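Which chain is which? The protein sequence lines are A and B, in order. FYI, in our numbering the residues of the first sequence are 1 to 242. FYI, in our numbering the residues of the second sequence are 1 to 245. What follows is one structure encoded as structure tokens, with my remarks underneath.
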Amino acid sequence: MTNTQYPMHNKTMNTLSFTKTDDIGHLELNQPPANQMTTEFFSEFNELVDELRIMNGLNAIVISSKGRHFSSGADLEELLEQVVKSDEGIHPEMNENWRALSEKNYRSFLFFEETEIPVIAAIRGVCIGSAFELVLSSHFRFCAEDAVLGLPETTFNLMPGLGGIRKIADLCGQAKAIELSLKGNTFGAEEALQTHLVDRIVPRRKVVDFSLAFGRKVMKNYKKQKAPFYLQQIPLDDPFYI
Amino acid sequence: MIDKKITDDIGILILEDPPQNYLQKPEFIPVPELREWIEGNHLKALIISGSGRHFSGGAKLDSIFAMAEVREPMEDRMEKGKELLDYLQDLDIPVAAAISGVCFGGGMEIALACHMRICSENALFAFPETNLGLMPGLGGTFRLGERLSLQDSLKMILGGDMINAEEALLLKVVDTVVKNEEPLAYTLHFLRKITIDRPLKIINYVMRALKNSKRLPAEESMREETRMFCDLARIESNRRKTKTQ
């Protein structure tokens, strides 16, 4: 049975897929096991976000990943290789392309942060670097007990480049933002919950379904600050009770 | 009045006038002198602490009134104090206050200008100025207001209420509470852990990104961040190239 109120909009790309069921969109990173954010991923991701910007009948978005891990973040080797090529003049246009791409990336991340419908990240396994920045751009983060989170960029002589520092400062203060981005260490679900970087720990096999069910119950134009829910008390098996 | 030390590229400024470490004047160290010391030694972080049992009891009342008798110089001196605190807050390296015992008035103003505050279990915080017919004069009303609700900051500033370490942690006036005697050692260890092996440039960029995020609209702050990221990526790829040659 097709629902005319909520037009279908499914999309399968090389590195990710998007499924719309009724008014809930589900974005899945689809390159298991690492779901690395390659240049190809980012260009497909940006293309999808441009469609989301004008999509009708969408009332919540859930972001998750196929397989064991959420994502190990950007592909640093590929990224640095591109810089070398552009600097050596092999592909002089590359530098500009790369710059344009990274500008598009942050605009896409900002879309999730600023959109008026709730964005929920369901995190299993490793979620570090740009991937952690992506879930920080979401409004809710539910993570499995096996989650590993962090911003390791500075350990590679780089820095978080997609808003992670700002989001951590907003969520748990500038001292924590300085610590996590300079130290570059990873941490688990429990620590993330205590520091308010995630909103709830949900058993691994339930975290995606829980996020989808939660999304179904959260209203349009919802602002997290006015959350009427007590997140920790929602029954795992019946998030619909709200 | 100020003792300066350097350990592992981390600068330590000690307010030196025990037991209360009263501040003789708002500008407890001249900005040019501080800048030269920080930049000349390529410091990666800065700690401000007090000598002995206390952080600082703030300004001595009689020195304020003595200063007030001549109108113009007092305003100049207050401005200089503000410039110093703004300079500390704007530094592109982490600045931490390691606080034991009392942290009142001007001491509180200094602590609030730092990027992070670590205090001992016996620390006490207050803006007693209004009890003395004055008010916080170095930006403390603004800096405290940024962290607290209007109700809580009025309680502290207008009520002159004193809070202990536990309450300060709850209100997020401090970031960490440690055992008595340990704030300086803990802060030094903490800053060493986050800055060791990190080139100064990365520390500067991370701090700049953090400050941009408070002052610029999200879009602009993200653009700046991307620009700094690209700059680091270029440096890193060059470094790898030279290494393989």
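Yeah, the Cβ is synthetic: ideal placement off N, Cα and C, and Gly gets one too. Bear in mind that the values here come from a model prediction, so they are computed numbers and not experimental data.
Taking the beta carbon of residue i as the centre, do at least 16 other beta carbons fall within 10 Å, making it buried, or is it exposed?
i        : result
B/Ser237 : buried
B/Asp197 : exposed
B/Met1   : exposed
B/Arg239 : exposed
A/Ser65  : buried
B/Phe142 : exposed
A/Gln174 : buried
B/Thr7   : exposed
A/Arg53  : exposed
A/Lys244 : In the structure as shown, chain A begins at 1 and stops at 242. Residue 244 of chain A is therefore absent and cannot be evaluated.
B/Pro136 : buried
B/His189 : exposed
A/Met8   : exposed
A/Asp75  : buried
A/Gly184 : buried
B/Gly133 : exposed
B/Lys5   : exposed
B/Leu34  : buried
What three-state label does DSSP hand residue i in the structure shown?
i        : result
A/Asn185 : coil
B/Lys201 : helix
B/Ile246 : Outside the displayed range of chain B (1 to 245) lies residue 246 of chain B, so it cannot be described from this structure.
B/Glu182 : coil
B/Arg117 : strand
A/Ser137 : coil
B/Ile38  : helix
A/Ile117 : coil
B/Glu69  : coil
B/Val206 : helix
A/Met37  : strand
B/Val173 : coil
B/Ile48  : strand
B/Lys5   : strand
B/Ala168 : helix
A/Ala147 : coil
A/Gln194 : helix
B/Val31  : helix
A/Ala122 : strand
A/Gly129 : coil
A/His254 : Lying outside 1 to 242, the shown extent of chain A, residue 254 of chain A is not represented and no answer is given.
B/Glu236 : helix
A/Arg200 : strand
B/Gly11  : strand
A/Thr15  : coil
A/Asn221 : Residue confidence is low: A/Asn221 scores 47 on pLDDT, short of 50, so the model does not pin down where it sits. No coordinate-derived value is stated.
Confirm, please, whether the CB-CB distance from residue j to residue i is below 8 Å.
i        : j        : result
A/Ile201 : A/Ser181 : no
B/Met207 : B/Ile93  : yes
A/Arg204 : A/Glu145 : yes
B/Gln76  : B/Met116 : It is worth fixing the name first, because residue 76 of chain B is Asp in this sequence and not Gln. No, the pair does not count as a contact, with Cβ atoms beyond the cut-off.
B/Lys25  : B/Ser120 : no
A/Arg124 : A/Val198 : no
A/Ser108 : A/Asn56  : no
B/Ala233 : A/Leu80  : yes
B/Lys82  : B/Gly139 : yes
B/Asp3   : B/Ser51  : yes
B/Ile64  : B/Ala96  : no
B/Glu129 : B/Gly105 : yes
A/Thr186 : A/Ile128 : yes
A/Asn157 : B/Ile202 : yes
A/Glu113 : A/Ser137 : yes
Less than 7 Å between the CB of residue i and some heavy atom of the ligand ADP, yes or no?
i       : result
B/Ser51 : For the structure depicted, the ligand ADP is absent and the ligand set is empty, with no information on it obtainable.
Please name the residue in the options whose C-alpha comes closest to that of residue i.
i        : options                                : result
A/Asp50  : A/Lys85, A/Thr115, A/Lys66             : A/Thr115
A/Gln36  : A/Arg124, A/Ser71, A/Leu149, A/Glu133  : A/Ser71
B/Arg147 : B/Lys214, B/Val177, B/Ile194           : B/Lys214
A/Glu190 : A/Asp75, A/Lys66, A/Cys143, A/Asn46    : A/Cys143
B/Ala98  : B/Glu182, B/Leu154, B/Leu91            : B/Glu182
B/Leu88  : B/Ile64, B/Ile47, B/Glu72              : B/Ile47
A/Gly150 : A/Thr19, A/Phe210, A/Glu179, A/Met55   : A/Glu179
A/Glu12  : A/Leu27, A/Glu78, A/Asp23              : Sequence check: residue 12 of chain A is Thr here, not Glu. The option with the nearest alpha carbon to A/Thr12 is A/Leu27.
A/Glu44  : A/Thr21, A/Asp23, A/Asn14              : A/Asn14
B/Glu39  : B/Ser49, B/Ala218, B/Asn204            : B/Asn204
A/Ala122 : A/His69, A/Ala169, A/Arg99             : A/His69
A/Tyr6   : A/Ser17, A/Phe187, A/Asp23             : A/Asp23
B/Thr226 : A/Asn105, A/Phe41, A/Arg141            : A/Asn105
B/Asn41  : B/Val173, B/Thr244, B/Asp9             : B/Asp9
A/Ala100 : B/Lys243, B/Thr244, B/Thr242, B/Cys230 : B/Cys230
At 8 Å on the CB atoms, spell out the chain E contacts of residue i, in chain order.
i        : result
A/Lys183 : In the displayed structure, chain E is absent; the protein chains listed are A and B.
Item to check | Three CB pairs or more closer than 8 Å across the segment 49-67 of chain B and the segment 20-29 of chain B | outcome: yes
Checklist entry - Per the contact definition of three or more C-beta pairs closer than 8 Å, is the segment 157-171 of chain A in contact with the segment 208-220 of chain B? => result yes
Next on the checklist: Closer than 8 Å is the cut-off here; do at least three beta carbon pairs connect the segment 56-63 of chain A with the segment 212-219 of chain A?
Outcome noted: yes
Item to check | Sufficient close CB pairs (3 or more, under 8 Å) joining the segment 159-168 of chain B to the segment 120-131 of chain B | outcome: yes
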